[in-house]
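Peer 1:
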Amino acid sequence: MKILVVGSGGREYAIGLKLQNEKNVEKIYFAPGNGATSNFGQNVDMSDFNELAEFAKSQNIELTIVGPEAPLSAGIVDIFKSHGLNVFGPSKNAARLEGSKAYMKEFLAKNNILTAKFLNTDDKNEAFKFIDTLKAPLVVKADGLCAGKGVIIAQTHDEAKQAVSDMLSGESFGDAGKRVVVEEFLDGFELSFFAICDGENFVSLPVAQDHKRLLDNDKGPNTGGMGAYAPSPLATPELIKKIENDVVKPTLKGMQNENAPFCGVLFVGVMVVDKTPYVLEFNVRFGDPECEVIMPLIDGNLSEILLNAAKGELKPVKLKPKCAVGVVLASKDYPYKSSAKAKISVKQIPQDTALLYAGVSAKDGEIYADGGRVAVCVGVADDIKTAQNRAYELCKNVNFDGMQYRKDIAWQALV
Ligand code: AMP
Ligand code: GLY
Numbered sequence: 000m001k002i003l004v005v006g007s008g009g010r011e012y013a014i015g016l017k018l019q020n021e022k023n024v025e026k027i028y029f030a031p032g033n034g035a036t037s038n039f040g041q042n043v044d045m046s047d048f049n050e051l052a053e054f055a056k057s058q059n060i061e062l063t064i065v066g067p068e069a070p071l072s073a074g075i076v077d078i079f080k081s082h083g084l085n086v087f088g089p090s091k092n093a094a095r096l097e098g099s100k101a102y103m104k105e106f107l108a109k110n111n112i113l114t115a116k117f118l119n120t121d122d123k124n125e126a127f128k129f130i131d132t133l134k135a136p137l138v139v140k141a142d143g144l145c146a147g148k149g150v151i152i153a154q155t156h157d158e159a160k161q162a163v164s165d166m167l168s169g170e171s172f173g174d175a176g177k178r179v180v181v182e183e184f185l186d187g188f189e190l191s192f193f194a195i196c197d198g199e200n201f202v203s204l205p206v207a208q209d210h211k212r213l214l215d216n217d218k219g220p221n222t223g224g225m226g227a228y229a230p231s232p233l234a235t236p237e238l239i240k241k242i243e244n245d246v247v248k249p250t251l252k253g254m255q256n257e258n259a260p261f262c263g264v265l266f267v268g269v270m271v272v273d274k275t276p277y278v279l280e281f282n283v284r285f286g287d288p289e290c291e292v293i294m295p296l297i298d299g300n301l302s303e304i305l306l307n308a309a310k311g312e313l314k315p316v317k318l319k320p321k322c323a324v325g326v327v328l329a330s331k332d333y334p335y336k337s338s339a340k341a342k343i344s345v346k347q348i349p350q351d352t353a354l355l356y357a358g359v360s361a362k363d364g365e366i367y368a369d370g371g372r373v374a375v376c377v378g379v380a381d382d383i384k385t386a387q388n389r390a391y392e393l394c395k396n397v398n399f400d401g402m403q404y405r406k407d408i409a410w411q412a413l414v
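Under numbering that gives the first Met the number 0, the first residue of the sequence shown carries the number 0, and numbering increases by one thereafter.
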């Protein structure tokens, strides 16, 4: 079959690489793709969803997989379906689980799913009053999509009030911050839980951990994610059962009740406090860089798994008893500002590793670092320590001016 992957990052590259090795996959298209996806697929430069759907029809594309949240929230799935196409991802209505933190928190409350105590408001005084009822630190979130930057962990009540004022005035995040969620701070460890859903049923994938901070020891500013590994030993079988029963099942039921059945990847950002999972956030897609370490652990045929899910006929998924660690190579000034383009040189790709490209462009047969998160070095092995060693072995073989990466990815699995 022919498959279209929407997106341009390491996540979409990882999906493409997995598909490329499947016998039934004839051709992969990426919209828009990046400077390296064109090495094994065809990049398509069309941003209008109707135009892209017409293109998919004209090429007999049998399945479209949507990677990022922005096109999902903008309704790409609804448009592709209206053209009679198979598409894996949630509808615009279902994507509100990620697109609006206020909607998500109200949904959790309505469906008795555990989450941090919160207030959702556009009124400054109301927010201030609620802030005074909480202990510091506390958390202030902009309602809308802010590319992972709309969350402020305030150390004091004054800092929280300042964050609320800046958001509601539109100063920090424009319209995305005109409504805020204020919530209690949860002190625990975080997991990224992924379930492939077909609207009614789900299959859980290996549980991952992301590393959101820029620097080792979880220091520095938040980023889109500096590395990930899976499966996490912190996700015990009991915890996984709790997440499935107390979060995923009621979420799928709740979305059916909202007339927005959830088809796609439900990504639950979980905070575990005293062995109890609290929902920090939902995302309606694979995580990036989590996807890069989950893809090598799927034994089954991804194109069939996702096509079945898109048709509402999800089947069980076979997983490999392996571990994967992925280290993000970021550009010099990430996440503060964009960096100058830099040529990437690669010495050698050792066995059981993969170099997945993200923010790159191509010129004259060379690949250039041309974005914040440039590439992900993934190592696969029977255990996490060996997978980590392999990933770092690959990192040493890659170079570009200003390249930076964390040296402690997967630390929580190895203490
Ligand atoms: P979110 O986009 O809501 O997942 O928030 C981004 C990051 O902020 C999370 O991954 C957590 O590290 C942190 N965070 C968000 N909400 C809370 C909370 N209630 N308590 C503690 N940390 C939080
Ligand atoms: N790595 C977290 C995310 O994709 O949102």
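Built from N, CA and C at the ideal position, the CB exists for glycine as well.
Can at least three beta-carbon pairs, one atom from the region 171-181 and one from the region 253-273, be found at a separation below 8 Å?
Peer 2: no
Peer 1: Taking Cβ positions only, does G149 come closer than 8 Å to chain D?
Peer 2: Here chain D cannot be found, since the structure has a single protein chain.
Peer 1: Ignore the nearest five residues each way along the sequence and tell me which others in I304's own chain have a CB closer than 6 Å to its CB.
Peer 2: V316
Peer 1: Go through the region 4-54 residue by residue and report every complete run of the alpha helix (DSSP H) that reaches 4 residues or more, in order.
Peer 2: 9-19
Peer 1: List the DSSP bridge partners of D209.
Peer 2: A227
Peer 1: Is V139 closer than 8 Å to A159 when the C-beta atoms are compared?
Peer 2: yes
Peer 1: Out of T352, E50 and V373, point me to the one whose CA is closest to V359's CA.
Peer 2: V373
Peer 1: With DSSP as the reference, please indicate the residues paired to P67 in a beta bridge.
Peer 2: Answer is none; P67 lacks a bridge partner.
Peer 1: Write down the C-beta distance between K190 and Q208 rounded to the nearest angstrom, noting that I regard them as a contact closer than 8 Å.
Peer 2: The question names Lys, yet the displayed sequence has Leu at residue 190. Rounded, the Cβ-Cβ distance is 6 Å, consistent with contact.
Peer 1: For the region 285-302 against the region 189-205, do three or more pairs of beta-carbon atoms, one drawn from each stretch, fall closer than 8 Å, so that the two count as touching?
Peer 2: yes
Peer 1: Should F184 be listed as close to the ligand AMP, given that the test is whether its C-beta is under 7 Å from any heavy atom?
Peer 2: yes
Peer 1: Can we count D217 as close to the ligand GLY, meaning its CB is less than 7 Å from some heavy atom?
Peer 2: no
Peer 1: Taking the beta carbon of D197 as the centre, do at least 16 other beta carbons fall within 10 Å, making it buried, or is it exposed?
Peer 2: D197 is buried by the Cβ-count criterion.
Peer 1: Excluding the 5 residues flanking N396 on each side, which residues of the same chain have their C-beta closer than 8 Å to its C-beta?
Peer 2: V345, K346, Q347, I348 and P349
Peer 1: Express the C-alpha separation of E199 and V246 in angstroms, rounding to a whole number.
Peer 2: 14 Å
Peer 1: Which two residues bound the contiguous alpha helix (DSSP H) that contains Y102?
Peer 2: K100 to K109
Peer 1: Would you call the CB atoms of P125 and L118 closer than 8 Å?
Peer 2: According to the sequence provided, residue 125 is Glu. The question's Pro does not apply to it. Result yes, Cβ atoms of E125 and L118 sit closer than 8 Å.
Peer 1: Sorry if obvious, but does the Cβ on P288 come closer than 7 Å to a heavy atom of the ligand GLY?
Peer 2: yes
Peer 1: Distance, Cα to Cα, L306 vs E25?
Peer 2: Approximately 15 Å, taken between the alpha carbons.
Peer 1: Using only the alpha-carbon positions, how far apart do Y228 and L355 sit?
Peer 2: Rounded to whole angstroms, Y228 and L355 show a C-alpha spacing of 15 Å.
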